[in-house]
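**Student:** Residue numbers (this note's numbering), protein chains in the order written: chain A, -12 to 169; chain B, 8 to 148. The beta carbon of each residue, even a glycine, is placed where N, CA and C say it ideally should be. One structure, pasted below without further comment.
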Amino acid sequence: SGLLPLVLNTWPFRNATEAAWRTLLSGASALDAVEKGCTMCEMEQCDGTVGFGGSPDETGETTLDAMIMDGTSLDVGAVGDLRHIKNAIGVARRVMDYTSHTFLVGESATKFAESMGFLPEDLSTAVSRAIHADWLAQNCQPNYWKNVVPDASKYCGPYKPPDLFKAQKSSSGNPVYKLGHD
Amino acid sequence: TIGMVVIHKQGRIAAGTSTNGIKFKIPGRVGDSPIPGAGAYADDTAGAAAATGNGDILMRFLPSYQAVQYMRRGEEPERACQKVILRIRSYVPDFFGAVVCANKTGHYGAACNRLPTFTQFSFMVYNSLKNQPTEEKVNCI
C-alpha cells in the first residue's frame, strides 16, 4: 500500500510518534518502532499517565503496565503492576523475546527486569508525592471501593466488608474517570 | 496511557501500550493496557487497534481484538472503531473510552464515547503522505 509505513497512537503524544517513525526509517522492525515510541512516552511522562512519577496508587506508589504484540507471530510480552523499573515497555519486550510466557506481574516482574539488566529505581517524584498527599488530605476521595465499612465515599480505609452485606447497585460508569486513563 | 500501532512498509504489524494506570488505584490493580486484545491487538492478516480509557470497563469487552475482527470482515477502520464503542456503550452507556484502528493497507480511524466532559479524541498519525507527526481529532459518538 502507498499509505505504508504507518505510525498511529492514542492521544497527542507527538514525540512518541516521531520516535517510532525515526526507528522505522532507520531500517528497524515494527516491534522496535513500538518499543522506541512507547519508551519515549515513558521518559517524557506523557500526560502524567505514562511512566514514572504519575498516577500514584493508594499507598503513593507508581506502578506500570505495558504490552507489546507481534502481528506476524501473535507473540506477546506484557508486564503488570511493575514496580521500581522505569522502562516498562522494554521489560515487556524482554518477556516476549526471552521467555515463553506472556504476562509477568508485580515484584516478580521486577526481579525478571533486574535479571534482564534493568536498574531498580524509585518511581515516585515530588509531583506524585504531592498528588498523593492531597488525596489523603481529602479523606482519600475519590477511591474505587464499594460496599465496605467505613463508608469509602467519606473516609479513608482500611476497609472491610460489612457484617450484613447490602449490595448497592453499582454505577454503570466510573465517576472518577477524569483522573486518568489506561 | 499510550497505545501504539505500527505497520512496516512490508506489512508487518506491531502494537503496544504503556501506562501508569489510574490515580489512587487499589494496590495490585492492573488495567486493560497489558492485556492482549484489550489494550491493543495486532494481526498482519487484518490490522491492529489500541484502546484507551477506563481499563476496568474496557478489559471486559476486548475492544482491540473486536476491532481487528471487524476489520478482518471488511469494515473500514473508523467504522470498526465505532462499532466497538457502540457495543461497549450498549452495556455501559457512560464509559470513558476511545479506540484507534488501522487495517493492513494503512487506512486508519478512531472513535470515542461521547460524554459531557469528553467530546473529542485526539490521536497521532505519521504515514508516507505526511512529512511530520500529525494530530488528528475525531468527534465522539
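(1) Hey, is glycine 81 of chain B's beta-carbon within less than 8 Å of any beta-carbon in chain A?
(2) Identify the contact partners of valine 114 of chain A in chain B, using a Cβ-Cβ distance below 8 Å as the criterion.
(3) Rank B:Lys137, B:Ala49, B:Pro43 and B:Phe103 by C-alpha distance to the C-alpha of isoleucine 29 of chain B and give the top, closest one.
(4) Could you tell me which chain B residues have their CB closer than 7 Å to the CB of serine 42 of chain A, listed as they occur along the chain?
(5) Is asparagine 146 of chain B helix, strand or coil when you go by DSSP?
(6) Three or more C-beta pairs under 8 Å: does that hold for the stretch 72 to 86 of chain B against the stretch 34 to 41 of chain B?
(7) Spell out a yes or no on whether the stretch 113 to 127 of chain A and the stretch 63 to 81 of chain A are touching, meaning 3 or more CB-CB pairs, one atom from each, closer than 8 Å.
(8) Who are the neighbours of lysine 16 of chain B on chain A, taking C-beta pairs under 7 Å?
(9) For the stretch 35 to 90 of chain B, list the alpha helix (DSSP H) runs that are entirely contained and at least 4 residues long, ordered along the chain.
(10) Which residues in the same chain have their Cβ closer than 6 Å to the Cβ of arginine 116 of chain B, if we skip the five residues on either side of it in sequence?
(11) Does threonine 4 of chain A pass the burial test, meaning 16 or more other C-beta atoms within 10 Å, or should it be called exposed?
(12) Identify whether phenylalanine 105 of chain A lies in helix, strand or coil by the three-state DSSP scheme.
(13) What in chain A is Cβ-close to arginine 121 of chain B, meaning under 9 Å?
(14) Would you kindly work out how many angstroms separate the C-alpha atoms of arginine 9 of chain A and phenylalanine 99 of chain A, rounded to a whole number?
(15) Alpha carbon to alpha carbon, what distance is there between proline 70 of chain B and valine 172 of chain A?
(16) What residues from the stretch 83 to 112 of chain A come within 9 Å of chain B, judged by C-beta to C-beta, listed N to C?
(17) Taking only the alpha-carbon atoms, compute the straight-line gap between threonine 126 of chain B and serine 115 of chain A and give it to the nearest angstrom.
(18) If the criterion is Cβ atoms closer than 8 Å, does the pair methionine 66 of chain B and alanine 45 of chain B meet it?
(19) When the cut-off is 8 Å and only beta carbons count, does glutamate 85 of chain B lie next to chain A?
(20) Does threonine 50 of chain A come out as helix, strand or coil in the three-state DSSP assignment?
(21) How about threonine 8 of chain B: is its C-beta nearer than 8 Å to some C-beta of chain A?
(22) Between serine 97 of chain B and chain A, is the shortest Cβ-Cβ distance under 8 Å, so that the two count as touching?
(23) Can you list the alpha helix (DSSP H) stretches of 4 or more residues lying completely in the stretch 55 to 116 of chain A, in chain order?
(24) What residue from B:Lys111, B:Ile92, B:Ser97 and B:Ala53 has the CA that sits closest to serine -12 of chain A's CA?
(25) If you measure between the beta carbons of arginine 94 of chain B and alanine 53 of chain B, is that distance less than 8 Å?
(26) Please report the distance separating the alpha-carbon of aspartate 138 of chain A from that of asparagine 146 of chain B.
**Tutor:** Based on what the coordinates show:
(1) no
(2) Simply none; closest approach about 12 Å.
(3) B:Phe103
(4) Asn27, Gly28, Ile29 and Lys30
(5) strand
(6) no
(7) no
(8) Leu(-9) and Pro(-8)
(9) 62 to 65 and 70 to 79
(10) Before going on, a small fix: residue 116 of chain B reads as glycine here, not arginine. Excluding sequence neighbours, glycine 116 of chain B sits near Pro84, Glu85, Cys88 and Cys108.
(11) buried
(12) coil
(13) Those do not exist, as arginine 121 of chain B stays about 13 Å from chain A at its closest Cβ, beyond 9 Å.
(14) 29 Å
(15) An answer regarding residue 172 of chain A cannot be provided, because it is not within the stretch -12 to 169 covered by chain A.
(16) Thr89, Phe90, Val92, Gly93 and Leu110
(17) 28 Å
(18) yes
(19) no
(20) coil
(21) yes
(22) no
(23) 75 to 85 and 93 to 102
(24) B:Lys111
(25) no
(26) 38 Å
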